[in-house]
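**Q** My questions will all concern the structure given below.
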Amino acid sequence: MKKIAVIGSGYVGLVTGTCFAETGNDVVCVDIDKSKVEKMKRGEVPIYEPHLDVIFERNIKQNRLRFSTDLAESIKEVEIIFLALPTPPGEDGSADLSYVLGVAEQLGKLMSSYKVIVDKSTVPVGTSELVTAAVAKHSKVPFDVVSNPEFLREGFAVDDFMKPDRVVIGTSSEKARAVMKELYKPFVRQGNPIIFMDEKSAELTKYAANSFLATKITFMNEIANFCERVGANVDEVRIGMGSDTRIGKRFLFPGIGYGGSCFPKDVQALVKSGKQHDYNFQIIDAVLRVNDKQKTRLIDKMLNHFGDLSGKTFALWGLAFKPDTDDIREAPALYMIDALLAAGAKIRAYDPEAMENVRAIYGSKITLTPEQYDVLDGADALIIATEWSAFRNPDFDRIKKSLKSPKIFDGRNLFELDEMAGKGFYYESIGRATITA
Ligand code: NAD
539 MKKIAVIGSG
549 YVGLVTGTCF
559 AETGNDVVCV
569 DIDKSKVEKM
579 KRGEVPIYEP
589 HLDVIFERNI
599 KQNRLRFSTD
609 LAESIKEVEI
619 IFLALPTPPG
629 EDGSADLSYV
639 LGVAEQLGKL
649 MSSYKVIVDK
659 STVPVGTSEL
669 VTAAVAKHSK
679 VPFDVVSNPE
689 FLREGFAVDD
699 FMKPDRVVIG
709 TSSEKARAVM
719 KELYKPFVRQ
729 GNPIIFMDEK
739 SAELTKYAAN
749 SFLATKITFM
759 NEIANFCERV
769 GANVDEVRIG
779 MGSDTRIGKR
789 FLFPGIGYGG
799 SCFPKDVQAL
809 VKSGKQHDYN
819 FQIIDAVLRV
829 NDKQKTRLID
839 KMLNHFGDLS
849 GKTFALWGLA
859 FKPDTDDIRE
869 APALYMIDAL
879 LAAGAKIRAY
889 DPEAMENVRA
899 IYGSKITLTP
909 EQYDVLDGAD
919 ALIIATEWSA
929 FRNPDFDRIK
939 KSLKSPKIFD
949 GRNLFELDEM
959 AGKGFYYESI
969 GRATITA
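First residue of the sequence shown: 539, per the working numbering; consecutive thereafter.
This is the structure:
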């Protein structure tokens with residue numbers, strides 16, 4: 539059993555803390571957001587993440603999981619401190635390290651015994667040295683700084699954390715290495731490795747992985763766009779390509795661009811990090827540009843079709859940046875909403891989990907309805923922006939009856955073309971032929 543404090547109780551921190559509690563450790567999750575901490579103390583999970591509620595509740599009941607806003611009190615007894623703090627893009631696109639370094643300085647002032655300080659936030663190469671310096675500025679006790687990037691996916695976070703493909707640990711301290719090895723032992727029982735390396739390599743591994751995945755998606759989006767030009771079907775191309783085991787089937791689905799709290803900021807931060815070290819990342823620089831354009835690809839198609847969007851009303855299914863999360867950070871749906879509002883269109887939207895977060899940004903600028911089919915009444919077309927399972931097998935007759943004209947603009951290729959042919963819809967998707975009726 540280890541005593542652990544996790545600083546920052548967001549998507550990563552809360553999952554990390556809860557999963558470490560689940561494996562028998564004593565965990566306190568710290569956050570500066572008082573209302574979030576109050577909510578957690580009442581037993582409520584402040585985010586939507588499948589399966590988190592069950593282990594959250596169980597570990598609170600077993601007194602292995604607590605919540606606090608008091609950093610000083612929370613770290614007193616613990617041996618390991620995880621930093622799961624935001625690293626949002628700064629004004630120039632580089633990672634803003636003020637949260638991480640701010641807490642590191644506070645820790646230096648507060649620590650009264652040896653601690654392993656583990657950075658779980660996604661941070662540029664060299665940050666562990668900055669964290670070490672920030673802690674050391676005031677610290678009177680020994681400590682080690684470890685880089686332990688997190689690879690969980692929102693929507694699968696608990697599963698990813700409990701059964702990771704691999705755990706990456708960057709440290710040059712033998713003592714810290716032993717502590718981390720013991721802590722992660724329950725998570726690697728099936729032979730999935732703990733990969734030990736130096737701090738810088740660990741930090742870069744995370745950026746390299748995310749930038750590679752963003753590149754894979756973006757590559758496929760370009761192929762899809764070209765398919766439209768030449769009359770090929772991206773679904774066929776995707777399956778043909780992905781069957782090559784060197785390429786693999788995953789992350790080849792074309793759409794309206796990648797979004798979320800990680801890919802956009804991490805790809806941008808790696809480009810900036812390159813510039814700071816006098817290195818020009820040409821491939822991922824292009825990924826950024828192509829993805830920006832892809833986010834409004836469906837709007838371009840709609841403009842082509844309708845000519846003018848002003849005064850039109852559109853039904854929008856999906857707001858979260860991907861299914862099974864309420865996270866709307868950098869969601870392509872929001873870029874589409876902005877473009878549609880700027881073009882003078884009205885929007886009625888539905889999402890199974892993300893509507894409260896969208897309401898907080900758009901207020902009454904768009905209409906949000908609690909029922910999937912209510913958005914359709916009298917709308918000029920249905921737009922699909924997120925591939926929630928609930929959208930995959932809809933009541934097409936009801937859609938047709940409710941819309942003013944039976945038109946669907948699908949940014950996620952949810953329906954097979956032969957399934958849509960003859961259904962009486964005008965159907966546009968990404969990288970495939972348009973069905974006209
Ligand atoms: P988040 O915004 O959901 O959570 C961050 C939390 O930190 C918030 O609750 C915030 O109130 C709290 N916080 C801010 N300042 C604080 C302070 N001084 N003291 C205590 N708490 C403070 O962020 P997230 O999505 O969990 O991401 C955290 C880090 O993990 C980022 O670097 C991110 O890039 C990385 N990451 C995220 C994911 C993901 O899928 N979300 C996956 C892997 C890595």
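All C-beta atoms, glycine included, are put in the ideal place defined by N, C-alpha and C.
Quick one: what's got a C-beta closer than 7 Å to SER677's C-beta in the same chain, skipping five residues either side?
**A** On the sequence shown, residue 677 is found 139 positions in, with the first residue counted as 1. The answer, listed in chain order, is GLY646 and MET649.
**Q** Would you call the CB atoms of VAL684 and ASP703 closer than 8 Å?
**A** For this step, residue 684 is matched to residue 146 along the sequence shown. For this step, residue 703 is matched to residue 165 along the sequence shown. Cβ distance not < 8 Å, so VAL684 and ASP703 don't count as in contact.
**Q** Return helix, strand or coil for GLY693, following the three-state DSSP convention.
**A** Translated into the one-based positions of the sequence shown, residue 693 becomes position 155. Looking at GLY693 - three-state DSSP - the assignment turns out to be coil, as it is neither helix nor strand.
**Q** Within 7 Å: the Cβ of CYS800 and any heavy atom of the ligand NAD?
**A** Taking the first residue of the sequence shown as position 1, residue 800 is located at position 262. CYS800: yes, Cβ under 7 Å from the ligand NAD.
**Q** Should GLY665 be counted as a contact of the ligand NAD given a C-beta to heavy atom distance under 7 Å?
**A** Locating residue 665 in the sequence shown gives position 127, where the first residue counts as 1. Note on residue identity: the sequence assigns Thr, not Gly, to residue 665. Not under cutoff, so the answer is no.
**Q** For PHE605 and ALA559, I'd like the C-alpha separation in whole angstroms.
**A** Against the sequence shown, residue 605 aligns to sequence position 67. Against the sequence shown, residue 559 aligns to sequence position 21. Roughly 12 Å separates the two Cα atoms.
**Q** Which one of ILE542, LYS572 and PHE689 has the shortest CA to CA distance from ASP608?
**A** Counting from one through the sequence shown, the residue named residue 608 turns up at place 70. Answer by Cα proximity: LYS572.
**Q** Would you list, in sequence order, the uninterrupted alpha helix (DSSP H) runs of no fewer than 4 residues that lie entirely inside the segment 767 to 809?
**A** 772 to 780
**Q** For the alpha helix (DSSP H) that contains THR665, what are its first and last residues?
**A** Taking the sequence shown and counting its residues from 1, the one referred to as residue 665 is at position 127. Taken as a continuous stretch (DSSP letters only), the alpha helix (DSSP H) holding THR665 covers 665 to 674.
**Q** Please list, in chain order, all residues of the same chain as ALA917 whose beta carbon is under 7 Å from its beta carbon, the five residues on each side excluded.
**A** Numbered from its first residue, the sequence shown carries residue 917 at position 379. THR851, PHE852, ALA853, ARG886, LEU941 and LYS942.
**Q** CA-CA distance, ASN842 and PHE801?
**A** Locating residue 842 in the sequence shown gives position 304, counting from the first residue. Locating residue 801 in the sequence shown gives position 263, counting from the first residue. For ASN842 and PHE801, the distance between alpha carbons rounds to 29 Å.
**Q** For VAL663, I'd like the list of residues in its chain whose CB is within less than 7 Å of its CB, leaving aside the five on either flank, ordered along the chain.
**A** Taking the sequence shown and counting its residues from 1, the one referred to as residue 663 is at position 125. Within the same chain, VAL663 has close Cβ partners LYS738, GLU741, LEU742 and SER811.
**Q** Return the chain-ordered list of same chain residues with a C-beta closer than 8 Å to the C-beta of VAL553, the five sequence neighbours on each side being excluded.
**A** As a working mapping, residue 553 is identified with position 15 in the sequence shown. Annotation for VAL553: GLU587, LEU590, LEU690, ALA695, VAL696 and PHE699 place their beta carbon closer than 8 Å to its own, counting only its chain and skipping 5 residues before and after.
**Q** Out of TYR900, VAL638, LYS701 and VAL592, which one is the CA nearest neighbour of THR625?
**A** Against the sequence shown, residue 625 aligns to sequence position 87. Sorting TYR900, VAL638, LYS701 and VAL592 by C-alpha distance to the C-alpha of THR625 places VAL638 at the top.
**Q** For ASN748, is the classification buried or exposed, using 16 other Cβ atoms within 10 angstroms of its Cβ as the cut-off for buried?
**A** For the purposes of this step, residue 748 is identified with residue 210 of the sequence shown, where counting begins at 1. The residue is buried, with at least 16 neighbouring Cβ atoms inside 10 Å.
**Q** Check whether the Cβ atoms of LEU836 and PHE929 lie closer than 8 Å to each other.
**A** Here residue 836 is taken as the residue at index 298 of the sequence shown, counted from 1. Here residue 929 is taken as the residue at index 391 of the sequence shown, counted from 1. No. Outside cutoff.
**Q** Might you give, ordered along the chain, the residues of its own chain that have their beta carbon closer than 8 Å to the beta carbon of GLY628, omitting 5 neighbours on each side?
**A** By 1-based counting over the sequence shown, the position of residue 628 is 90. Within the same chain, GLY628 has close Cβ partners ASP634.
**Q** Tell me the rounded alpha-carbon separation between LYS701 and SER666.
**A** Within the sequence shown, residue 701 is the residue found at index 163, counting from 1. Within the sequence shown, residue 666 is the residue found at index 128, counting from 1. Taking the straight line from one Cα to the other gives about 26 Å.
**Q** Does DSSP put VAL566 in a helix, in a strand, or in coil?
**A** Along the sequence shown, read from residue 1 onward, the residue named residue 566 stands at position 28. In the three-state DSSP reduction, VAL566 falls in the strand class (E or B).
**Q** How about ALA923 and MET874: do their beta carbons lie closer than 8 Å?
**A** In the sequence shown, the residue the question calls residue 923 occupies position 385. In the sequence shown, the residue the question calls residue 874 occupies position 336. Result yes, Cβ atoms of ALA923 and MET874 sit closer than 8 Å.
**Q** Report the residue from THR556, GLY960, ILE899 and ALA824 whose alpha carbon sits nearest the alpha carbon of ALA752.
**A** Here residue 752 refers to the residue found at position 214 when the sequence shown is read from its first residue. Residue ALA824 is the option with its Cα nearest to ALA752.
**Q** Looking at the structure shown, is GLY708 part of a helix, part of a strand, or coil, going by DSSP?
**A** Position 170 of the sequence shown holds residue 708. Three-state result, GLY708: strand.
**Q** Mind reading off the beta-carbon distance from ALA858 to ASP865? Whole number of angstroms is fine, and I expect it under 8 Å.
**A** Residue 858 sits at position 320 when you count from the first residue of the sequence shown. Residue 865 sits at position 327 when you count from the first residue of the sequence shown. Indeed, because the Cβ distance is near 6 Å, the residues count as touching under 8 Å.
**Q** Taking 7 Å as the cut-off, does the CB of GLU688 come closer than this to any heavy atom belonging to the ligand NAD?
**A** As a first step, residue 688 is located in the sequence shown; it is residue number 150 there, counting from the start. At least one heavy atom of the ligand NAD is nearer than 7 Å to the Cβ of GLU688, so yes.
**Q** Whole angstroms are fine: how far does the CA of LEU879 sit from the CA of MET893?
**A** Taking the first residue of the sequence shown as position 1, residue 893 is located at position 355. Taking the first residue of the sequence shown as position 1, residue 879 is located at position 341. Going from the Cα of MET893 to the Cα of LEU879 covers about 17 Å.
**Q** From the DSSP output, in three-state form, read off LEU645 for me.
**A** The residue given as residue 645 occupies position 107 in the sequence shown. If DSSP states are grouped into helix, strand and coil, LEU645 belongs with the helices.
**Q** Give the DSSP-derived three-state secondary structure of GLU966 in the structure shown.
**A** Looking up residue 966 in the sequence shown gives position 428. Correct three-state label for GLU966: strand.
**Q** Can you tell which of LYS884, PRO861 and LEU621 has its C-alpha closest to the C-alpha of ASP846?
**A** Within the sequence shown, numbered from 1, the residue matching residue 846 stands at position 308. With respect to the C-alpha of ASP846, the residue from LYS884, PRO861 and LEU621 having the closest C-alpha is LYS884.
**Q** How many Å lie between GLY546 and LEU621 at the Cα?
**A** On the sequence shown, position 8 is the one that residue 546 refers to. On the sequence shown, position 83 is the one that residue 621 refers to. GLY546 and LEU621 have their alpha carbons spaced roughly 7 Å apart.
**Q** My parser needs the beta strand (DSSP E) runs of 3 or more residues fully inside the segment 887 to 941; what are they?
**A** 919 to 922
**Q** Can you tell me which residues form a DSSP beta bridge with PRO627?
**A** On the sequence shown, residue 627 is found 89 positions in, with the first residue counted as 1. Paired residues: ALA633.
**Q** When burial is assigned at 16 or more other CB atoms within 10 Å of the CB, is THR863 buried or exposed?
**A** On the sequence shown, position 325 is the one that residue 863 refers to. Looking at its Cβ environment, which holds 16 or more other Cβ atoms inside 10 Å, THR863 is buried.
**Q** Using only CA atoms, which one of GLU643, ARG897, LYS614 and VAL775 lies nearest to LYS651?
**A** Numbered from its first residue, the sequence shown carries residue 651 at position 113. Just to set this straight, residue 651 is Ser in the shown sequence, not Lys. The residue with the shortest Cα to Cα distance from SER651 is LYS614.
**Q** CA-CA distance, LEU808 and LEU668?
**A** The residue labelled residue 808 in the question sits at position 270 within the sequence shown. The residue labelled residue 668 in the question sits at position 130 within the sequence shown. Those two C-alpha atoms are separated by around 17 Å.
**Q** To the nearest angstrom, how far is the alpha carbon of LYS977 from that of VAL805?
**A** Any question about residue 977 goes unanswered here, given that the chain covers just 539 to 975.
**Q** Per DSSP, which residues does ALA543 bridge with? Please list them.
**A** Indexing the sequence shown from 1 puts residue 543 at position 5. Looking at the DSSP assignment, ALA543 forms a beta bridge with VAL566 and ILE619.
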